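Colleague:
Protein chains: 4
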Amino acid sequence: MCRWQAYSGRPIRLEDLLFKAKHSLIDQSMSSRSAETPTNGDGFGLGWYGTREVPGLFRSIRPAWNDFNLRDLAAQVESPLFLAHVRATSLATVQETNCHPFRHGNWLFVHNGEIFEVEKVRRELLMQVAPELFPEILGTTDSEVLFYLALTFGLEQDPLGALERMAGCVESVAKAAGIAESLWMTLGISDGKTVYAVRYASDGEAPTLYYSKAVEDLVELGLSGEAAEKLGHEARMIVSEPIGKLATAWVTVPQSSALRLSHGTIEVTPFKPAAPAARKVTRPGSR
Amino acid sequence: MCRWQAYSGRPIRLEDLLFKAKHSLIDQSMSSRSAETPTNGDGFGLGWYGTREVPGLFRSIRPAWNDFNLRDLAAQVESPLFLAHVRATSLATVQETNCHPFRHGNWLFVHNGEIFEVEKVRRELLMQVAPELFPEILGTTDSEVLFYLALTFGLEQDPLGALERMAGCVESVAKAAGIAESLWMTLGISDGKTVYAVRYASDGEAPTLYYSKAVEDLVELGLSGEAAEKLGHEARMIVSEPIGKLATAWVTVPQSSALRLSHGTIEVTPFKPAAPAARKVTRPGSR
Amino acid sequence: MCRWQAYSGRPIRLEDLLFKAKHSLIDQSMSSRSAETPTNGDGFGLGWYGTREVPGLFRSIRPAWNDFNLRDLAAQVESPLFLAHVRATSLATVQETNCHPFRHGNWLFVHNGEIFEVEKVRRELLMQVAPELFPEILGTTDSEVLFYLALTFGLEQDPLGALERMAGCVESVAKAAGIAESLWMTLGISDGKTVYAVRYASDGEAPTLYYSKAVEDLVELGLSGEAAEKLGHEARMIVSEPIGKLATAWVTVPQSSALRLSHGTIEVTPFKPAAPAARKVTRPGSR
Amino acid sequence: MCRWQAYSGRPIRLEDLLFKAKHSLIDQSMSSRSAETPTNGDGFGLGWYGTREVPGLFRSIRPAWNDFNLRDLAAQVESPLFLAHVRATSLATVQETNCHPFRHGNWLFVHNGEIFEVEKVRRELLMQVAPELFPEILGTTDSEVLFYLALTFGLEQDPLGALERMAGCVESVAKAAGIAESLWMTLGISDGKTVYAVRYASDGEAPTLYYSKAVEDLVELGLSGEAAEKLGHEARMIVSEPIGKLATAWVTVPQSSALRLSHGTIEVTPFKPAAPAARKVTRPGSR
Numbered sequence: 128m129c130r131w132q133a134y135s136g137r138p139i140r141l142e143d144l145l146f147k148a149k150h151s152l153i154d155q156s157m158s159s160r161s162a163e164t165p166t167n168g169d170g171f172g173l174g175w176y177g178t179r180e181v182p183g184l185f186r187s188i189r190p191a192w193n194d195f196n197l198r199d200l201a202a203q204v205e206s207p208l209f210l211a212h213v214r215a216t217s218l219a220t221v222q223e224t225n226c227h228p229f230r231h232g233n234w235l236f237v238h239n240g241e242i243f244e245v246e247k248v249r250r251e252l253l254m255q256v257a258p259e260l261f262p263e264i265l266g267t268t269d270s271e272v273l274f275y276l277a278l279t280f281g282l283e284q285d286p287l288g289a290l291e292r293m294a295g296c297v298e299s300v301a302k303a304a305g306i307a308e309s310l311w312m313t314l315g316i317s318d319g320k321t322v323y324a325v326r327y328a329s330d331g332e333a334p335t336l337y338y339s340k341a342v343e344d345l346v347e348l349g350l351s352g353e354a355a356e357k358l359g360h361e362a363r364m365i366v367s368e369p370i371g372k373l374a375t376a377w378v379t380v381p382q383s384s385a386l387r388l389s390h391g392t393i394e395v396t397p398f399k400p401a402a403p404a405a406r407k408v409t410r411p412g413s414r
Numbered sequence: 128m129c130r131w132q133a134y135s136g137r138p139i140r141l142e143d144l145l146f147k148a149k150h151s152l153i154d155q156s157m158s159s160r161s162a163e164t165p166t167n168g169d170g171f172g173l174g175w176y177g178t179r180e181v182p183g184l185f186r187s188i189r190p191a192w193n194d195f196n197l198r199d200l201a202a203q204v205e206s207p208l209f210l211a212h213v214r215a216t217s218l219a220t221v222q223e224t225n226c227h228p229f230r231h232g233n234w235l236f237v238h239n240g241e242i243f244e245v246e247k248v249r250r251e252l253l254m255q256v257a258p259e260l261f262p263e264i265l266g267t268t269d270s271e272v273l274f275y276l277a278l279t280f281g282l283e284q285d286p287l288g289a290l291e292r293m294a295g296c297v298e299s300v301a302k303a304a305g306i307a308e309s310l311w312m313t314l315g316i317s318d319g320k321t322v323y324a325v326r327y328a329s330d331g332e333a334p335t336l337y338y339s340k341a342v343e344d345l346v347e348l349g350l351s352g353e354a355a356e357k358l359g360h361e362a363r364m365i366v367s368e369p370i371g372k373l374a375t376a377w378v379t380v381p382q383s384s385a386l387r388l389s390h391g392t393i394e395v396t397p398f399k400p401a402a403p404a405a406r407k408v409t410r411p412g413s414r
Numbered sequence: 128m129c130r131w132q133a134y135s136g137r138p139i140r141l142e143d144l145l146f147k148a149k150h151s152l153i154d155q156s157m158s159s160r161s162a163e164t165p166t167n168g169d170g171f172g173l174g175w176y177g178t179r180e181v182p183g184l185f186r187s188i189r190p191a192w193n194d195f196n197l198r199d200l201a202a203q204v205e206s207p208l209f210l211a212h213v214r215a216t217s218l219a220t221v222q223e224t225n226c227h228p229f230r231h232g233n234w235l236f237v238h239n240g241e242i243f244e245v246e247k248v249r250r251e252l253l254m255q256v257a258p259e260l261f262p263e264i265l266g267t268t269d270s271e272v273l274f275y276l277a278l279t280f281g282l283e284q285d286p287l288g289a290l291e292r293m294a295g296c297v298e299s300v301a302k303a304a305g306i307a308e309s310l311w312m313t314l315g316i317s318d319g320k321t322v323y324a325v326r327y328a329s330d331g332e333a334p335t336l337y338y339s340k341a342v343e344d345l346v347e348l349g350l351s352g353e354a355a356e357k358l359g360h361e362a363r364m365i366v367s368e369p370i371g372k373l374a375t376a377w378v379t380v381p382q383s384s385a386l387r388l389s390h391g392t393i394e395v396t397p398f399k400p401a402a403p404a405a406r407k408v409t410r411p412g413s414r
Numbered sequence: 128m129c130r131w132q133a134y135s136g137r138p139i140r141l142e143d144l145l146f147k148a149k150h151s152l153i154d155q156s157m158s159s160r161s162a163e164t165p166t167n168g169d170g171f172g173l174g175w176y177g178t179r180e181v182p183g184l185f186r187s188i189r190p191a192w193n194d195f196n197l198r199d200l201a202a203q204v205e206s207p208l209f210l211a212h213v214r215a216t217s218l219a220t221v222q223e224t225n226c227h228p229f230r231h232g233n234w235l236f237v238h239n240g241e242i243f244e245v246e247k248v249r250r251e252l253l254m255q256v257a258p259e260l261f262p263e264i265l266g267t268t269d270s271e272v273l274f275y276l277a278l279t280f281g282l283e284q285d286p287l288g289a290l291e292r293m294a295g296c297v298e299s300v301a302k303a304a305g306i307a308e309s310l311w312m313t314l315g316i317s318d319g320k321t322v323y324a325v326r327y328a329s330d331g332e333a334p335t336l337y338y339s340k341a342v343e344d345l346v347e348l349g350l351s352g353e354a355a356e357k358l359g360h361e362a363r364m365i366v367s368e369p370i371g372k373l374a375t376a377w378v379t380v381p382q383s384s385a386l387r388l389s390h391g392t393i394e395v396t397p398f399k400p401a402a403p404a405a406r407k408v409t410r411p412g413s414r
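Protein chains in written order, with our numbering: chain B, 128 to 414; chain V, 128 to 414; chain Y, 128 to 414; chain H, 128 to 414.
1) Within 10 angstroms of its Cβ, does D285/H collect 16 or more other Cβ (buried), or is it exposed?
2) Cβ of A215/Y within 7 Å of any heavy atom in the ligand GTP?
3) By Cβ distance below 7 Å, which residues in the same chain neighbour L260/Y in space, the five residues on each side in sequence not counted?
4) Listed from N- to C-terminal order along the chain, which residues in the stretch 239-268 of chain H have their beta-carbon within a distance smaller than 7 Å of any beta-carbon of chain Y?
5) Straight-line CA distance for V380/Y to I306/H?
6) Could you check which residue in L173/Y, L350/Y, V342/Y and K357/Y has the C-alpha nearest to that of M364/Y?
7) In chain order, which continuous runs of the alpha helix (DSSP H) of length 4 or greater are located wholly inside the stretch 129-200 of chain V?
8) Is it the case that the stretch 174-188 of chain Y contacts the stretch 150-170 of chain B, given that we only count it when at least three CB pairs across the two stretches are under 8 Å?
9) With a threshold of 16 other CB atoms inside 10 Å of the CB of G331/B, please say whether the residue is buried or exposed.
10) At a CB distance below 8 Å, what residues from the stretch 200-234 of chain H approach chain B? Give them in sequence order.
11) Beta-carbon within less than 7 Å of F398/H's beta-carbon, same chain only, minus the 5 sequence neighbours each way: which residues are those?
12) Which value, in whole angstroms, describes the spacing of the CA atoms of A219/B and H231/Y?
13) What's the C-alpha gap between R387/B and L210/H?
14) Would you identify the three-state DSSP class for N233/H, choosing helix, strand or coil?
15) State the start and end residues of the unbroken alpha helix (DSSP H) segment that holds V297/V.
16) Helix, strand or coil: which one does DSSP assign to P411/Y?
17) Determine whether the beta carbon atoms of E361/H and H390/H lie at a separation below 8 Å.
18) What would DSSP say about H328/Y, mapped onto helix, strand or coil?
This is the structure:
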C-alpha cells in the first residue's frame with residue numbers, strides 16, 4: 128500500500144500542502160493511519176505541471192520525510208496541478224524507476240494497491256502493451272504496467288474508458304492464470320488539465336479514496352491564511368487518506384467509481400472493467 | 128562500454144586486486160584507457176564466492192572510485208573467485224538493478240558492449256526468455272536480457288553452447304528487425320568453480336579482452352609481496368583492459384573466441400553463434 | 128531514538144540474527160515497539176570484526192528494511208562480534224557519515240539517545256576533542272562527538288573510565304550553557320574482543336537496554352537449529368529492544384550502569400560521570 | 128578541482144545553459160578540459176533564485192551527467208540568477224552536505240580549489256567561525272569553512288571586503304601551522320541580486336576563471352534561437368571553464384582579482400587578503 132495526493136486549483140506552493148498541512152502526505156510517509164502499512168518509506172515521487180506541457184518529475188528512493196531536496200523543491204515550486212506519492216512495497220525493488228508518478232508525454236499516473244500474484248501474470252500483461260510503448264517501461268512495478276496498458280487501450284483519447292479496458296484486460300489475463308480476484312487499486316491520473324481518479328477492486332474492497340468538496344474544507348487542513356487565500360474557489364484535492372485534522376471535511380469515494388475533476392467540478396461515475404478490443408499480439412519475427 | 132575483471136585462484140583479499148594493483152579496475156572507473164568511454168562512473172558491482180554456494184552481490188549506483196562501502200568490503204572479504212564491473216551507459220537508467228554482475232542461483236554474469244538499436248528488439252528478446260525465468264529480470268539493460276536468454280538456452284547445463292545459442296537468437300531476432308550487425312560484447316560468467324568468458328561481435332570488432340597466463344604476471348601488477356604469495360600457481364585473471372603497468376603480461380583473447388578457466392588452465396575455443404532449438408512462444412491466455 | 132544490537136560469541140552468519148530472528152533489528156527499523164519512534168528508517172550501519180584487526184563497516188542512508196546490499200552482505204559474512212544500528216533522527220542530516228557505528232582504528236561505537244539542545248554545546252564539545260583526533264570527525268551527529276570525546280579521554284586505555292569522563296565533560300559543558308539535564312543515552316562499544324555498553328541519562332531516565340544471560344535464551348529468538356548450535360556457550364547479545372518473541376529471556380540493564388561482556392561473562396557496574404582531567408585547550412595560533 | 132558556473136540576466140530555463148549549450152557544465156562533469164581532473168563526478172549542486180528571497184537548492188551525490196531529477200528540474204525551472212557546481216574531490220567524503228552551493232539565508236557560495244594541507248588547520252579555522260553560525264556547518268569541506276569564515280567577517284554587509292578578510296585569516300592561520308602558501312581558489316557568490324566572484328591563490332597560480340562580456344557571446348554557446356532571445360542585453364556568465372565552442376568569447380579574469388556583476392555590468396578589482404579584525408575566541412565554559 129502507498130499513499131498519494133492530487134491537487135487542482137490556483138497555483139499553490141507545493142510545501143503548503145505537502146509539508147505544512149496537518150497529517151500531510153509527508154507525515155503519512157512515516158506514519159499513515161493505515162493499519163497495514165503505516166510506513167510508506169520506500170521512495171516517493173512528485174509530478175507537477177508548470178509552464179510547459181510536459182510536467183516535471185522528481186522521484187527518489189529516500190523516504191520522503193528525510194529528503195532535503197524535496198523540501199527545497201516544494202518550497203520553490205508553485206503549481207496549479209500536481210500528483211504526489213509515497214511508496215510502501217514488499218514486492219518490487221526500491222529504485223527511482225519504480226517510484227510514482229509515471230509519466231508519458233503530458234500524462235502522469237499514480238497507483239495505490241496491487242495486482243495479486245502479479246508474478247504469475249506480469250509477462251503476459253507486458254505482452255499486451257503496445258510495442259511502440261514498450262521501450263518506455265523502465266521499472267518493475269505492476270503499477271507501471273497498469274499505466275502502459277491504459278495507454279495501450281487509449282488513455283489519451285478516452286481516459287476513463289481506457290482505464291476500464293485496462294482493468295478488464297488485467298482481470299481476464301489473471302483469471303486465465305487462475306487468479307480469481309486480481310485487481311486492487313486506487314488510481315490518480317492527469318493530462319495537466321483534468322484529474323481522473325479510480326477506486327476499484329475485483330473483490331469490491333478497494334483501498335480508501337477521498338475528495339474535498341469545497342475550498343473551505345481545505346482551509347481546515349491548517350493552511351496558512353496566505354496559502355488558503357491563494358487556493359481559489361475551484362481548488363480540490365483527491366487523497367488516499369485524509370489530510371488535515373478534520374476527516375469529516377472529506378467525501379468518501381464509493382467502491383467501483385471513477386472521478387473526473389476539472390475546474391473545481393467533480394463528477395463521480397461508476398467504474399466497470401470492460402473487455403478491451405482484441406489486440407493482435409506480436410509474435411517473434413513478425414514485427 | 129564498461130570495464131570488468133574476473134579472478135580465480137587462491138582466496139585473495141579483494142582490495143589487493145581492486146584497489147591496490149596499478150591501474151586497477153577502480154582506477155579504470157575514473158580513467159580507463161578506452162578512447163570512447165574513459166569514464167565508467169555509472170555504478171559498479173561486485174560478485175564474490177565465499178562459503179556458500181550462492182555468491183555475494185554488492186551493487187551501487189555510485190562511481191566505484193568514491194564508494195566507501197566498497198572500499199571496506201574489499202578490505203574485509205577474501206574470495207577465490209570474483210567478478211567485478213564498472214559501468215558506463217548512455218542508454219539504460221543508472222539503478223542498482225542495472226549494475227552487473229547479474230545473478231541467478233550460483234551463477235554470475237558481467238557484460239561489456241551492447242546490442243545495437245536494442246530498443247527495436249528488446250521486447251522480442253524478452254519474449255524469448257523462459258516464462259519461469261522472466262520474473263527474475265529486474266532491470267532494463269540489454270546485458271540482463273543476454274543473461275536470461277543464455278539461461279533459457281541451457282547455460283547451467285552447457286555454458287558455452289548456451290551462449291552460442293543466445294548469440295544466435297539475438298542476431299536472428301535483430302536481423303528480422305533490420306539490424307544487420309547487432310551484437311558487440313565481451314562476457315564474463317561463472318558458476319563459482321569455472322570462469323567462462325567470450326569475446327564476440329557480429330561485425331568481428333568486439334571490445335578488447337585479455338587474460339593472464341601465469342601467476343608471475345600478476346605479481347607485475349604491483350601486488351604486495353604478501354598478497355602475491357597467497358595467489359598460488361593457479362591464479363589467473365580475465366580483464367577487459369590490462370591491469371598493472373605491464374600490458375605485455377597479458378594475452379589478447381582473439382575475436383570470436385570463448386574462454387574456459389579452471390584451476391589455472393585456460394582453454395580458448397572458437398565462439399560461433401548457433402541457431403537455438405525452437406522454443407514454443409507463450410501466447411496470451413495459453414499459459 | 129535509534130535501535131542497536133551487539134553480538135559476541137562464536138562466528139555467526141549475520142543474517143541469522145539481523146534478518147531471520149523474530150522482531151530482529153531489521154524488523155525494528157520499520158516497526159520498533161518504541162512509542163516515540165516506531166520508525167528507524169534514517170539509515171543504518173553495521174560494523175563487524177573479521178580476519179583483520181580493523182573491523183568492516185557498511186553504512187547506508189537507506190532504510191535497513193529495503194537495502195539489498197545489506198541483505199547480501201549479511202548472508203555472506205560470518206563474524207564472532209558485530210554491532211548493528213538503525214537510525215531515527217529529527218536533528219542531524221541523513222548521510223552515511225552520520226550513520227553508526229563510528230570507527231576509530233579497531234574500535235566501534237553506537238549510540239541511542241541524544242544530547243539535549245546539542246546545538247548550544249556542539250561547538251564547545253568539539254573543541255574538547257583532541258586536535259589529533261579532530262580531522263576524523265566526518266559527520267554532524269552528537270553521537271560522533273561523544274565517541275571522539277571518549278577517545279580523547281582515554282577510551283583505548285580505560286574504556287569505562289573514559290566513558291565516565293566523557294559523560295562528565297558533556298554534563299559540565301552543558302550545565303555551563305544552561306542545560307540542566309543534558310545526556311540521554313545507551314552506548315555500545317567494542318575493540319573487537321570485549322563489548323562495553325552503558326545505560327545512562329542525566330535525569331535517570333535513559334532509554335532501555337537489555338542483555339541475554341544464556342545461549343538458550345538466544346535460541347528462543349527463533350534461530351534455526353543449525354544457527355543456534357553454532358552460537359556456542361559464550362554467545363551473548365546486548366540490545367536496545369528485545370529481539371525474538373520472549374521478552375522475558377532478556378535481562379534489563381539498570382539505569383546508570385555499565386556492562387563489560389567478554390567470553391560470555393557480563394559484568395554490570397555502576398556508571399557515574401566523572402570530571403575529566405583538565406585538558407589544555409588549543410587556542411588559535413598556538414598549535 | 129571542480130567546475131562551476133554563474134548566470135545573471137533575464138529568466139532562463141536552466142536546461143538551456145546546463146544541458147543544451149555546447150561543452151556545458153554537465154558535459155564538464157564527465158570530461159572537463161582540465162588536465163588534472165577531467166572527471167567531476169563526485170556530486171553536484173544547483174542553487175537558483177525564484178520567487179522567494181531564499182534560493183532553491185538541489186544537491187546530489189550522483190554524477191551530474193546521470194541524474195534524471197536534475198534534468199527534469201532544469202527543464203522546468205526558469206531563473207534570472209543561478210549558480211551550479213560539479214565536484215571532484217580526493218579529500219572530503221561524497222555526501223550532499225559537501226556539495227556546493229552552500230547556502231545561508233539568501234546567500235549562495237561555490238568554490239573551486241582547496242586549502243593546502245587543510246587537515247592541519249581545519250579545526251583552527253572552524254574556531255574562527257562565529258559561534259552563532261557554527262551550527263549551520265553540516266559538511267566537512269574546506270569550501271564550507273571558507274563560506275562561514277566569510278560570513279563571520281561580514282559577507283552580508285561588505286562582500287568583497289569580507290572575502291579578503293577570510294583569505295587573510297586562512298593564510299595567517301595556515302602560516303602559523305607551517306603552510307606557506309595555503310589558499311587556492313575561485314569563488315562564486317550571490318545574494319540573489321549581485322554576483323561576486325574571486326580568483327586568487329597564495330602562490331599567484333589560482334585556477335582559471337572567465338566571464339562573458341556581451342550577450343552575443345552567449346549566443347555562440349549554441350543556444351537555441353528562442354533561448355538566446357530571452358537572455359536580454361544584461362545576460363552574463365562567469366565560469367571556471369569556457370562553455371560553448373568559442374573559448375575566444377570569454378574574458379580571462381586576472382589572478383588576484385574580484386568581480387562584481389550586476390545588471391550586465393562587470394567590475395574587476397584587485398583582490399588582496401586582509402587581516403581580519405581581532406575576534407575574541409570563545410573558550411570552554413566562557414559562553
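Just so you know, even glycine gets a beta-carbon here, dropped at the ideal spot from N, CA and C. The structure displayed is predicted, hence computed values, not measured ones.
Modeller: Here's the rundown:
1) The count along the fourth sequence starts at 1 and reaches residue 285/H at position 158. It counts as exposed.
2) For the structure depicted, the ligand GTP is absent and the ligand set is empty, with no information on it obtainable.
3) Here residue 260/Y corresponds to residue number 133 of the third sequence, with the count starting at 1. Once the five neighbours on either side are set aside, the close Cβ partners of L260/Y are Y275, L278 and T279.
4) E246, R249, R250, E251, M254, Q255, P258, F261, P262, L265 and T267
5) Position 253 of the third sequence holds residue 380/Y. Position 179 of the fourth sequence holds residue 306/H. Whole-angstrom Cα-Cα distance: 51 Å.
6) Sequence index remark: in the third sequence, residue 364/Y carries index 237 (1-based). Cα-wise, what sits closest to M364/Y is V342/Y.
7) 152-158
8) In short, these stretches do not touch, since the Cβ pair count stays below three.
9) Working through the first sequence from its first residue, we reach residue 331/B at position 204. G331/B comes out exposed.
10) So the close ones are L200, A202, Q203, V204, E205 and E223.
11) Counting from 1 along the fourth sequence, the entry for residue 398/H is found at position 271. If we look at F398/H and ignore the five residues flanking it on each side, its Cβ neighbours are E291, V325, Y327, S383, S384 and A385.
12) As a working note, residue 219/B is residue 92 in the first sequence. As a working note, residue 231/Y is residue 104 in the third sequence. Using only the alpha carbons, I get a separation of about 37 Å.
13) For the purposes of this step, residue 387/B is identified with residue 260 of the first sequence, where counting begins at 1. For the purposes of this step, residue 210/H is identified with residue 83 of the fourth sequence, where counting begins at 1. Using only the alpha carbons, I get a separation of about 41 Å.
14) Sequence index remark: in the fourth sequence, residue 233/H carries index 106 (1-based). N233/H falls in the coil class under three-state DSSP.
15) Here residue 297/V is taken as the residue at index 170 of the second sequence, counted from 1. P286 to A303 is the span of the alpha helix (DSSP H), which, as asked, contains V297/V.
16) For the purposes of this step, residue 411/Y is taken as residue 284 along the third sequence, with counting starting at 1. Annotation note: pLDDT 40 at P411/Y (below 50); position unreliable, no value reported.
17) As a first step, residue 361/H is located in the fourth sequence; it is residue number 234 there, counting from the start. As a first step, residue 390/H is located in the fourth sequence; it is residue number 263 there, counting from the start. In contact: E361/H and H390/H (Cβ atoms closer than 8 Å).
18) The residue given as residue 328/Y occupies position 201 in the third sequence. It should be pointed out that residue 328/Y corresponds to Ala in this sequence rather than to His. Here A328/Y sits in strand by DSSP.
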